[in-house]
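**Student:**
Protein chains: 2
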Amino acid sequence: MTSRAERAERARGTRCCDGEARPTVSANEAETLSRAFEVLAHPVRLQLLDVLARNEGRVCVCDLEAAMTVKQPTVSHHLKLLREAGIVDSERQGVWAYYFVNREALESLRKDADKFLDGLG
Amino acid sequence: MTSRAERAERARGTRCCDGEARPTVSANEAETLSRAFEVLAHPVRLQLLDVLARNEGRVCVCDLEAAMTVKQPTVSHHLKLLREAGIVDSERQGVWAYYFVNREALESLRKDADKFLDGLG
DNA sequence: TATATATATTGACAATCGTCGATAACATAG
DNA sequence: CTATGTTATCGACGATTGTCAATATATATA
Numbered sequence: 022m023t024s025r026a027e028r029a030e031r032a033r034g035t036r037c038c039d040g041e042a043r044p045t046v047s048a049n050e051a052e053t054l055s056r057a058f059e060v061l062a063h064p065v066r067l068q069l070l071d072v073l074a075r076n077e078g079r080v081c082v083c084d085l086e087a088a089m090t091v092k093q094p095t096v097s098h099h100l101k102l103l104r105e106a107g108i109v110d111s112e113r114q115g116v117w118a119y120y121f122v123n124r125e126a127l128e129s130l131r132k133d134a135d136k137f138l139d140g141l142g
Numbered sequence: 022m023t024s025r026a027e028r029a030e031r032a033r034g035t036r037c038c039d040g041e042a043r044p045t046v047s048a049n050e051a052e053t054l055s056r057a058f059e060v061l062a063h064p065v066r067l068q069l070l071d072v073l074a075r076n077e078g079r080v081c082v083c084d085l086e087a088a089m090t091v092k093q094p095t096v097s098h099h100l101k102l103l104r105e106a107g108i109v110d111s112e113r114q115g116v117w118a119y120y121f122v123n124r125e126a127l128e129s130l131r132k133d134a135d136k137f138l139d140g141l142g
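Order-wise, the sequence lines are chains A and B.
One point on numbering: in my numbering, the residue at position 110 of the first sequence is 131, and numbering is uninterrupted.
One point on numbering: in my numbering, the residue at position 21 of the second sequence is 42, and numbering is uninterrupted.
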């Protein structure tokens, strides 16, 4: 609780700011945006994205696995989530699976995140 | 699986990109950043932030509650998470509790998010 | 074909999350 | 003091998440 300037008195049972307190972001937009942030809300996924973004189309799962602290099924699991979110894609080359970021999807995610955060003032 | 240009052949049991596959974001940084994204990973918290950012220090819980679809204890719960994350603060005025965004914390969050997302290329 | 390697999937488990009714804590009016 | 309105906390519940061993699937090599 931080101290602040005084405020107009008000009777109980009254709203303080009626119309002004409506969100400008709809429930649907908030839903969509929060799902985008969810994808980013795990350290392993952030590191996977980091590696993939810096090694354009050249990283196989075995190397991703080596770069992470978690075991192979867990890496595979997080890659699946990134794939389902659309921000990475993969290609099979023989025994190996190479993952790479979907640049348009990533750009779109960044734009949405920026727009929301910038919109906050 | 998207089709891509051909790749140098390689024997099984070999790494494809050794050193290059290291994350530039440390496990600790990833941990911290992912916690920031976690806060944003829920539609109600996004809408709360939205409302608070647009009504500088003037919104009481009763009005936040009226603006959300979830019940009062749930609103209180999400406000607590935002407070614990440091990006909002609150002040009690008599019976009412007024919430407002912590501008420095919000700016710092935005900077970290931007830095990571921009860093991806 | 048999074998070895790379990746994905399954299934189980503990841990965390989101929600809400009930209730506590607090402030004020009467 | 009592009653009423506001917010926070508690406790329970189902749902979701993260992890990994075990296993399946796919591919290449011998």
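Even for Gly, the Cβ is constructed at its ideal location relative to N, Cα and C.
The structure displayed is predicted, hence computed values, not measured ones.
Please tell me whether A:D71 and B:V46 are closer than 7 Å, where the distance is taken between their beta carbons.
**Tutor:** Indexing the first sequence from 1 puts residue 71 of chain A at position 50. Indexing the second sequence from 1 puts residue 46 of chain B at position 25. Yes, they are a contact pair.
**Student:** Counting C-beta neighbours from all protein chains within 10 Å, is the total for B:N49 16 or more, i.e. buried, or is it exposed?
**Tutor:** Residue numbering aside, residue 49 of chain B sits at position 28 when the second sequence is read from its first letter. Under this definition B:N49 is an exposed residue.
**Student:** Check whether the Cβ atoms of B:A88 and A:A51 lie closer than 7 Å to each other.
**Tutor:** On the second sequence, position 67 is the one that residue 88 of chain B refers to. On the first sequence, position 30 is the one that residue 51 of chain A refers to. For B:A88 and A:A51, no; Cβs fall outside 7 Å.
**Student:** Let me know if B:R66 comes out buried or exposed under the rule of 16 or more other beta-carbons within 10 Å of its beta-carbon.
**Tutor:** Counting from one through the second sequence, the residue named residue 66 of chain B turns up at place 45. Buried, since its Cβ has 16 or more Cβ neighbours within 10 Å.
**Student:** Taking B:P64 as the reference, give the member of A:P44, A:Q114, A:P64, A:V82 with the closest Cα.
**Tutor:** Residue mapping note: residue 64 of chain B aligns to position 43 of the second sequence, counting from 1. Of the listed residues, the one whose Cα sits closest to B:P64 is A:P44.
**Student:** Which residues of chain B have a Cβ atom closer than 8 Å to the Cβ of A:L85, listed in chain order?
**Tutor:** Here the question's residue 85 of chain A lines up with position 64 in the first sequence. A42, listed in chain order.
**Student:** With contact counted as at least three CB pairs below 8 Å, one residue from each stretch, are the segment 101 to 110 of chain B and the segment 72 to 91 of chain A in contact?
**Tutor:** Too few Cβ pairs lie closer than 8 Å, so no.
**Student:** Name, going along the chain, the residues of the segment 55 to 68 of chain A whose beta-carbon falls closer than 7 Å to a beta-carbon of chain B.
**Tutor:** The residues in question are S55, F58, E59, L61, A62, H63, P64, L67, Q68.
**Student:** Are the C-beta atoms of B:R229 and some chain A residue less than 7 Å apart?
**Tutor:** Past the edges of chain B, shown from 22 to 142, lies residue 229 of chain B, and the structure says nothing about it.
**Student:** Note down, in chain order, each residue of its chain lying with its Cβ closer than 8 Å to the Cβ of A:L100, except the 5 sequence neighbours on either side.
**Tutor:** What you label residue 100 of chain A is simply residue 79 of the first sequence in a count that begins at 1. Cβ within range, chain order: L69, V82, L85, V109, S111, Y120.
**Student:** Where do the ends of the alpha helix (DSSP H) carrying B:E86 lie?
**Tutor:** Translated into the one-based positions of the second sequence, residue 86 of chain B becomes position 65. Run containing B:E86: 82 to 88, per the alpha helix (DSSP H) assignment.
**Student:** Going by other Cβ atoms of all chains shown within 10 Å of its Cβ, with 16 needed for buried, is B:A134 buried or exposed?
**Tutor:** For the purposes of this step, residue 134 of chain B is identified with residue 113 of the second sequence, where counting begins at 1. Looking at its Cβ environment, which holds 16 or more other Cβ atoms inside 10 Å, B:A134 is buried.
**Student:** Per DSSP, which residues does A:F121 bridge with? Please list them.
**Tutor:** Looking up residue 121 of chain A in the first sequence gives position 100. Paired residue(s): A:D110.
**Student:** Between A:Q93, A:S97, A:R75, which has its C-alpha nearest A:N123's C-alpha?
**Tutor:** Within the first sequence, numbered from 1, the residue matching residue 123 of chain A stands at position 102. Here the closest residue by C-alpha is A:R75.
**Student:** Does chain B have any CB closer than 7 Å to the CB of A:E125?
**Tutor:** If you number the first sequence from 1, residue 125 of chain A lands on position 104. A:E125 does not count as touching chain B.
**Student:** What three-state label does DSSP hand B:P44 in the structure shown?
**Tutor:** Within the second sequence, the letter at position 23 stands for residue 44 of chain B. Coil at B:P44, not helix or strand.
**Student:** I need the DSSP call for A:G140, collapsed to helix, strand or coil.
**Tutor:** As a first step, residue 140 of chain A is located in the first sequence; it is residue number 119 there, counting from the start. Of the three classes helix, strand and coil, the one that applies to A:G140 here is helix, per DSSP.
**Student:** Write down the C-beta distance between B:L61 and A:S55 rounded to the nearest angstrom, noting that I regard them as a contact closer than 8 Å.
**Tutor:** As a working note, residue 61 of chain B is residue 40 in the second sequence. As a working note, residue 55 of chain A is residue 34 in the first sequence. Sure, about 7 Å apart at Cβ, within 8 Å.
**Student:** For a cutoff of 7 Å on Cβ pairs, would you count B:V96 as touching chain A?
**Tutor:** Within the second sequence, numbered from 1, the residue matching residue 96 of chain B stands at position 75. Output row for B:V96: interface = no.
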